[in-house]
Structures are given as C-alpha cells and as structure tokens.
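With the working numbering, the residue at position 76 of the sequence shown is 1345, and numbering never jumps.
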Amino acid sequence: MQVHIKYFASIREAMGQGGESLDTDANTLGQLRDALVARGGPGAQALARDRVLRMALDQHLAEESALLRPGCEVAFFPPVTGG
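Right, here's the structure in full:
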C-alpha cells in the first residue's frame, strides 16, 4: 500500500527531505519505522529504536501498534519541537 510520510525537525534534517510517498508492506506504524530504518542511509539513525520519537497517523498522535491504511499520512517527529 502507499502511505505519505512527513518528517519534522531533526528527523527532517537527517532524512534530507520533508516527506515522501512510499509503497510498503508494513501494517503498523512500528513496522513502517522498522522498514525505514532497514533502508539504511543517514535517516536510519534518526528513526532507530534507541531514539525517542513521536508518531502521528492522519494528524493524530498514535502508538506503534496503530494500523496503516492505503493513502494515510504518517508523521515522525522528535518529542519536543520548536515553534
């Protein structure tokens, strides 16, 4: 399924982009995070499991167990962001 991902603050800097559309086999936010880390590259460390980060699904804070849907919007951001 295709999902739309947005990256914010330091995660955006590490990923080198503000967002992307991605075809994925992931069913949950946690699985998507793992798939992004598995791609490697500079963004992998920003999303690594030893990093605390927040996730949102369709503009609502969500847990890693939240189910993805085709066309959903996922956001990754640090626990504290500036204004």
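Using N, Cα and C, we set each Cβ at its ideal position, and we do this for glycine too.
Every value quoted in this text rests on a predicted model; they were computed, and no experiment measured them.
**Prompt:** In this structure, does DSSP put residue 1309 in helix, strand or coil?
**Reply:** Coil, per DSSP.
**Asked** So, helix, strand or coil for residue 1288, using DSSP?
**Response** It is a strand residue.
**Request:** Return the Cβ separation of residue 1279 and residue 1347 in integer angstroms, given the expectation that the two are a contact with Cβ distance under 8 Å.
**Result:** Confirmed, Cβ separation roughly 6 Å.
**Message:** Which of the three DSSP states is assigned to residue 1338 in this structure?
**Reply:** Residue state, collapsed to three classes: coil.
**Asked** For residue 1354, which of helix, strand or coil comes out of DSSP?
**Response** Limits of the chain in this structure are 1270 at one end and 1352 at the other, which puts residue 1354 out of reach.
**Request:** Can you give me the start and stop residues for the beta strand (DSSP E) that residue 1325 sits inside?
**Result:** For residue 1325, the enclosing beta strand (DSSP E) begins and ends at 1323-1326.
**Request:** List the residues that DSSP assigns as beta-bridge partners of residue 1344.
**Result:** Residue 1344 is bridged to 1275, 1325.
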